[in-house]
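All residue numbers for the sequence shown refer to my numbering, where the first residue is 905 and numbers rise by one. By construction, the Cβ of each residue, glycine as well, lies at the ideal position given by its N, Cα and C atoms. All values reported here derive from a predicted model rather than from experimental measurement. Quick notes on the structure that follows.
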Amino acid sequence: MINFSTLSGIPNITSGTNIVRNSSLFLDTNGYPHIAWMEEKNGYLDMKYKYWDGTEWTHYTPSSIFISNNVVVFDQYSLLVSSNRPCIAFSTKKGSNQAIINLAIRETDQWNYIQKEVDYLARWVGIVSNNFNSGSSSSSLSQSFEKFIVTNDSNNVYIYSTDNNSINSLSSISQTISNISSFRICSIFGIIGMAYIDVNSIRFNFYDTINNTWAFSYFVPLTNSVNSETIIDLDVVGHSNYGVCEMFLSWISTSDIVRVRHTYVKIDDTERTNGISTIVKEEYDDCVAT
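Have a look at this one:
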């Protein structure tokens, strides 16, 4: 269990001398935090990583995971700790309309890098684990892939599988998201839950990694949601319990209200032979932001 009193005595894990751009946080199976971030240093972007070992913040050698040099790095990236190994997914620009999806995986004594070139600008990259064991009542589910990567451009959402040796195209869905301001994902018992903000609307969808099927043919808007409010930010978290997968969505609006939406997607049976069915329940509560 993490010792918060010890952590609070060491509030900063960087030197404070360089500008930090974004960060990604993940807890491992011990409840210890791992964090990745980018620093502006000498005109370049330097991607860093540290983790809490129970006593202090530490890092691997070398401390830098990626130094951009003359490469444009999109700063919407994602950290995952899977099987107690840190994995960082990020994208770099190649040419005017292409990108490279990068996956850095820490092995015993080094960072291994997997890359995939794509014919679009993958400005946002997220990574989740398959997470099959959370609430599962079946041991026969396929677990061929340990991790899944999700990216998007202004027209499509793309899903890739990775087995630590390659990044493989799995599926994509058309969706005009030119006004996107946030895109969030979570893993729910082999299902990837996704949501994003499009102007004053929140849209969501689910992808079943077992049957390679989408719950909906497009990202559907939440019912009874935002109305005339301007949404500032969004987050999602998933939970599963014997065949029922739940995605909780929360967002903050300019009216200083934090809204929480509870969304279920139901699996037809524990073997998942029929894929995802439709959304069976939605409910939400409001609370005043403090």
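Does DSSP put residue i in a helix, in a strand, or in coil?
| i | result |
| --- | --- |
| Arg1088 | strand |
| Phe978 | strand |
| Ile1114 | coil |
| Leu984 | strand |
| Gln1079 | coil |
| Leu931 | strand |
| Pro966 | coil |
| Leu1045 | With a pLDDT of only 38 at Leu1045, under 50, the local geometry of the prediction cannot be trusted, and the value read off the model is given with reservation. It is coil, neither helix nor strand. |
| Asn1006 | strand |
| Gly999 | coil |
| Ala1119 | coil |
| Asn1072 | strand |
| Asn922 | coil |
| Thr1012 | coil |
Looking only at its own chain, which residues have a Cβ that is under 8 angstroms from the Cβ of residue i, when we skip the five neighbours before and after it?
| i | result |
| --- | --- |
| Glu1011 | Arg989 |
| Asp870 | The first residue shown for the chain is 905 and the last is 1194, placing residue 870 beyond what the model contains. |
| Cys991 | Leu983, Leu984, Val985, Leu1007, Ala1008, Ile1009, Arg1010, Ile1031 and Lys1051 |
Could you spell out where the beta strand (DSSP E) holding residue i opens and where it closes?
| i | result |
| --- | --- |
| Glu960 | Segment: none, Glu960 is in no beta strand (DSSP E) and carries neither H nor E. |
| Leu1126 | From DSSP, Leu1126 is part of no beta strand (DSSP E); its letter is neither H nor E. |
| Asp1137 | Ile1135 to Asn1145 |
| Gln1019 | Trp1015 to Val1022 |
| Ala1099 | Ile1095 to Asp1102 |
| Ala940 | Pro937 to Lys945 |
| Thr1055 | Lys1051 to Asn1056 |
Less than 7 angstroms between C-beta atoms, sequence neighbours within five positions excluded: which residues of the same chain meet that for residue i?
| i | result |
| --- | --- |
| Thr962 | Lys954 and Tyr955 |
| Asn1196 | Past the boundaries of the shown model lies residue 1196; the chain is included only from 905 to 1194, so the question cannot be answered. |
| Ser967 | Lys952 |
So, at 6 angstroms on beta carbons, what are the nonlocal neighbours of residue i in its own chain, with the 5 sequence-adjacent residues on each side left out?
| i | result |
| --- | --- |
| Met1098 | Ile1089 and Asn1109 |
| Ile1101 | Ser1085, Ser1086, Ile1135 and Leu1138 |
| Trp1028 | Gln980, Asn1056 and Phe1087 |
| Cys1149 | Ile1092, Phe1093, Ile1095 and Val1169 |
| Gln1019 | Ile1004 and Asn1006 |
Thinking C-beta only, is residue j closer than 7 angstroms to residue i?
| i | j | result |
| --- | --- | --- |
| Val1061 | Ile1077 | yes |
| Arg904 | Leu1126 | For residue 904 there is no data in the structure shown, the boundaries of the chain being 905 and 1194. |
| Arg1107 | Phe1123 | yes |
| Ala1003 | Leu1025 | yes |
| Leu1153 | Val1169 | no |
| Ser982 | Ser1033 | no |
| Lys997 | Val1022 | no |
| Leu1117 | Gly1094 | According to the sequence as given, residue 1117 is Thr; it is not Leu. No, these two residues do not count as a Cβ contact at 7 angstroms. |
| Tyr1064 | Ser1058 | no |
| His971 | Asp950 | In the sequence on display, residue 971 carries Ile and not His. Contact: yes. |
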